Amino acid sequence: MAEGRVVRAISGFFDVYDNGLVRRCRARGVFKKQGVTVLVGDIVRYDPIGTKEGIITRVLPRQSELVRPPIANVNHVLVVFAFVTPDLNFLMLDKTIAAALIAGVEPSVVFTKADLVDEETAQRTCAIYRDCGFRTLAIATKQGTGVDAVRELMKGRVNVVAGPSGAGKSTLANALSPGLQLQMGEVSEKIGRGKQTTRHVELFQLDEDTWLADAPGFSQLQLNVESRELKRYFPDFIALAGTCAYRGCMHVDEDGCGVKAQVDSGRIHRSRYDSYVQMYQALREQEENMY
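In my numbering, the protein residues as written are 1 to 291.
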């Protein structure tokens with residue numbers, strides 16, 4: 001019995017990478033009865049058939065699992081947003097970071113199109129996320145600035161690239177490995193919005209132990225968390241929560257909230273706090289509508 005990683009799933013077939021070769025496999029018929037699913041990223045055991053095919057017989061335990069996009073064993077999210085074109089949406093950025101943390105996956109923040117803003121703006125924006133403890137880069141992909149640093153962030157990991165259309169995800173992916181020719185999205189100059197081109201989840205090998213998933217939809221992931229738990233996924237709040245007047249503070253309407261005091265003092269960035277409040281209120285509304 002052989003072992004490999006599922007790198008593509010389409011129309012009931014699974015491409016399994018094993019030691020430099022890719023086999024087109026089907027899953028055991030009993031999987032459906034057992035409720036077993038096979039996802040891109042899964043490590044599987046399979047029985048080879050001939051030189052190019054096989055039958056998947058077992059899905060090994062997953063380290064992580066994303067529902068949308070459906071992919072397993074991701075351990076790093078590159079949160080890619082442009083400084084401009086499209087305009088930087090801090091709420092969407094913070095929601096994507098929170099979604100990664102909730103899913104148990106480490107995020108790093110990459111700001112693209114650094115050549116289109118002044119140095120002070122780039123550094124001020126990056127500082128918001130560095131101060132939260134996230135690894136953060138400002139890059140200019142077309143000029144080659146920062147691409148090697150991104151590659152180093154990804155090394156030895158199974159990576160997902162998340163962010164809005166038009167942020168330069170496809171350009172970055174092609175710069176990381178030109179042979180991939182990924183089409184993760186492009187900006188429509190006429191309407192200034194992104195046009196999604198990806199149709200399925202696929203995993204590409206950048207080097208021996210580094211993988212990149214072309215996986216649309218992560219940044220639109222609904223936050224799978226209760227409103228009262230959201231604060232746990234804002235690490236910049238956690239260290240200061242002990243200064244609140246009472247335990248269980250949600251950092252929204254309460255008097256004596258230490259987090260709100262630190263926002264006023266500038267120790268917590270206001271854009272981060274505003275994102276938290278909007279996300280918290282949206283979750284509360286969803287919860288209230290359920291009852």
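Backbone N, C-alpha and C define an ideal beta-carbon position, used for all residues, glycine too.
This one's a predicted model, so the numbers in the text were calculated from it and none came from an experiment.
Under 7 Å between C-beta atoms of residue i and residue j
i: Ser64; j: Gly104; result: yes
i: Thr57; j: Asp47; result: yes
i: Thr210; j: Lys155; result: yes
i: Ile55; j: Arg26; result: yes
i: Ala72; j: Leu39; result: yes
i: Gly163; j: Phe81; result: yes
i: Val67; j: Val160; result: no
i: Gly146; j: Leu153; result: no
Three-state secondary structure assigned by DSSP to residue i
i: Ala97; result: For the record, residue 97 in the displayed sequence is Ile; it is not Ala. Correct three-state label for Ile97: helix.
i: Ser11; result: coil
i: Val36; result: coil
i: Val252; result: coil
i: Val59; result: strand
i: Phe90; result: helix
i: Phe83; result: coil
i: Tyr246; result: coil
i: Glu226; result: coil
i: Leu66; result: strand
i: Asp18; result: strand
i: Gly258; result: helix
i: Phe234; result: coil
Identified DSSP bridge partners for residue i
i: Ser108; result: Leu78
i: Asn159; result: His76 and Leu212
i: Gly54; result: Cys25 and Pro48
i: Gly4; result: Val44
i: Gln205; result: Trp211
i: Ile71; result: Val40 and Leu66
Limits of the unbroken beta strand (DSSP E) element including residue i
i: Arg23; result: Leu21 to Ala27
i: Pro48; result: Ile43 to Ile49
Counted within 10 angstroms of its Cβ, other Cβ atoms place residue i as buried (16 or more) or exposed
i: Gln262; result: buried
i: Val7; result: buried
i: Lys169; result: buried
i: Asp118; result: exposed
i: Glu189; result: Per-residue confidence for Glu189 stands at a pLDDT of 42, beneath the threshold of 50, marking its modelled position as unreliable; the derived number appears in the next sentence. Looking at its Cβ environment, which holds fewer than 16 other Cβ atoms inside 10 Å, Glu189 is exposed.
i: Gly108; result: In the sequence under discussion, the amino acid at residue 108 is Ser, which differs from the Gly named in the question. Flag for Ser108 reads buried.
i: Gly35; result: exposed
i: Ile238; result: exposed
Host alpha helix (DSSP H) of residue i (start-end)
i: Thr136; result: Run containing Thr136: none in the alpha helix (DSSP H); it sits in the beta strand (DSSP E), Thr136 to Ala138.
i: Tyr276; result: Arg270 to Asn289
i: Asn174; result: Lys169 to Leu176
i: Ala347; result: Examination of residue 347 is not possible in this model, given that the chain is present from 1 through 291 alone.
i: Asp115; result: No alpha helix (DSSP H) contains Asp115, which DSSP labels as neither H nor E.
i: Gln347; result: The displayed coordinates of the chain run from 1 to 291. Any statement about residue 347 would go beyond what the structure contains.
i: Ala241; result: Counting along the chain, Ala241 falls outside any alpha helix (DSSP H), and DSSP gives it neither H nor E.
i: Arg151; result: Val147 to Met154
Heavy atom of the ligand GTP within 6 Å of residue i beta-carbon
i: Ala103; result: Questions concerning the ligand GTP fall outside what the structure shown contains, since it holds no ligand whatsoever.
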